[in-house]
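Q:
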Amino acid sequence: MTSANRPRGSLMGEGVADALVVPGRAPTVLAFHGFTGTPQEVALVVEVARELGLAAEAPLLPGHGLRVADLAATTFADWLSAAEEHYARAATRGPVIACGLSMGALLAFHLAKNHPQSTAGVIAIANAVWLRSPWPALPLRLLGRLRLPDFWLSKTAPDLGDSEQRAVHLTYNAQPIHAAISLLKAGQELADQLHLVHAPTLLLHGALDAVAPVENAFRVAVRLGTLDKRTVVFARSRHILTRDVERAAVRLELHAFLKRLAAL
29 MTSANRPRGS
39 LMGEGVADAL
49 VVPGRAPTVL
59 AFHGFTGTPQ
69 EVALVVEVAR
79 ELGLAAEAPL
89 LPGHGLRVAD
99 LAATTFADWL
109 SAAEEHYARA
119 ATRGPVIACG
129 LSMGALLAFH
139 LAKNHPQSTA
149 GVIAIANAVW
159 LRSPWPALPL
169 RLLGRLRLPD
179 FWLSKTAPDL
189 GDSEQRAVHL
199 TYNAQPIHAA
209 ISLLKAGQEL
219 ADQLHLVHAP
229 TLLLHGALDA
239 VAPVENAFRV
249 AVRLGTLDKR
259 TVVFARSRHI
269 LTRDVERAAV
279 RLELHAFLKR
289 LAAL
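Residue numbering for the sequence shown follows our numbering, beginning at 29 and increasing consecutively.
(1) Are the segment 145-164 and the segment 233-241 touching, with three or more C-beta to C-beta distances below 8 Å?
(2) Would DSSP call glutamate 274 helix, strand or coil?
(3) Going by other Cβ atoms of all chains shown within 10 Å of its Cβ, with 16 needed for buried, is proline 123 buried or exposed?
(4) If we count Cβ pairs, one from each stretch, closer than 8 Å, do we get three or more for the segment 270-285 versus the segment 200-220?
(5) Determine the burial state of threonine 64: buried for a count of at least 16 other Cβ atoms within 10 Å of its Cβ, exposed for fewer.
(6) Ordered along the chain, which non-local residues of its own chain (more than five positions away) have a Cβ less than 6 Å from that of alanine 84?
(7) From alanine 100 to glycine 91, what distance separates their C-alpha atoms?
(8) Please give the ranges of any alpha helix (DSSP H) in the segment 145-193, keeping only runs that are unbroken, at least 4 residues long and fully inside the region.
(9) Apart from the five residues on each side of it in sequence, which residues of its chain come closer than 7 Å, Cβ to Cβ, to glutamate 281?
(10) Roughly how many angstroms separate the alpha carbons of alanine 133 and alanine 47, rounded to a whole number?
(11) Does DSSP classify glutamine 203 as helix, strand or coil?
(12) Please classify glutamine 68 as buried or exposed, where buried requires at least 16 other C-beta atoms within 10 Å of its C-beta.
(13) Given a cut-off of 7 Å, decide if alanine 119 and serine 146 are closer than it, judged by their beta-carbon atoms.
(14) Measure the alpha-carbon distance for phenylalanine 285 versus alanine 185 and round it to whole angstroms.
(15) Can you tell me which of Thr66, Phe60 and His61 puts its alpha carbon nearest to the alpha carbon of glycine 43?
(16) Tell me whether histidine 206 is buried or exposed, calling it buried when 16 or more other Cβ atoms sit within 10 Å of its Cβ.
Right under this line is the structure:
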């Protein structure tokens, strides 16, 4: 069955939604995918960590990878709880570098502020601390106030400029509104806590991002509690930066940052 023929409420795209794990030395790179996504989205991070001999893990977050109905039963609290569990296991082996794409970046920031002593660094790719307005931020804010019963919105295609990658990108073909509202609220709360992040931070963002505006990278940067931060904007890229047209340049930034932290 092609992704176009799959029933609403399932995955579209190609590949598998399995977690990614590679052995290696510390610091361990812990990479989180985005809302409705899979570990495929951060496979590039895992690949770079492997090249450097670092241990890396990209977990499949609760509610993801199978049915939209599963995601509808979760909130940001569930995703953060799972991230904390993975972090706790990784931290037994030494320092951790917390990384995430979109929603995953919010998880990475939370881990960094909650565990300042064991977090060696943060990588925030297309961070979704704020969602683009008016869409999707404004409708989600309004729906959150109305407290309507949950429902799903269909998704047409992921926000990718690379047409080949867009056709095969593995993600849900719909999104549950209550779960999306929980993500919006989590970003609003996190915005006032970013000063508690003191680890070295790499911020990567696509200039053409239609989900989380490129301004997010700069708005986050000025709020961070660390002076060790680098912000890079990719002029031709959209939201799924790790799989888009400038992914080779993204790889170089990841490699340089991870290599530097691994040498500390």
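Just so you know, even glycine gets a beta-carbon here, dropped at the ideal spot from N, CA and C.
A: In terms of the structure at hand:
(1) Short answer: they touch.
(2) Glutamate 274 sits in coil when the DSSP states are folded into three classes, being neither helix nor strand.
(3) By the neighbour-count rule (16 or more Cβ atoms within 10 Å), proline 123 is buried.
(4) The segment 200-220 and the segment 270-285 do not touch, with fewer than three beta-carbon pairs separated by less than 8 Å.
(5) Taking every protein chain shown into account, the CB of threonine 64 has 16 or more other CB atoms within 10 angstroms, so this residue is buried.
(6) Cβ within range, chain order: Val50, Val57, Val74 and Ala77.
(7) Alanine 100 and glycine 91 have their C-alpha atoms some 7 Å from each other.
(8) For the segment 145-193, whole alpha helix (DSSP H) runs of length 4 or above, ordered along the chain, are 165-174.
(9) In chain order, Leu230, Leu232 and Val260 place their CB closer than 7 Å to the CB of glutamate 281, counting only its own chain and leaving out the 5 sequence neighbours on each side.
(10) One alpha carbon belongs to alanine 133, the other to alanine 47, and they sit about 17 Å apart.
(11) In the structure shown, glutamine 203 sits in a strand (DSSP, three-state: E or B).
(12) Note on glutamine 68: 16 or more other CB atoms within 10 angstroms of its CB, so buried under the neighbour-count rule.
(13) Their beta carbons are under 7 Å apart, which means serine 146 touches alanine 119 by this criterion.
(14) So the two alpha carbons sit approximately 31 Å from each other.
(15) Looking from the CA of glycine 43, the closest CA among Thr66, Phe60 and His61 belongs to Thr66.
(16) Answer is buried; the Cβ neighbour count reaches 16.
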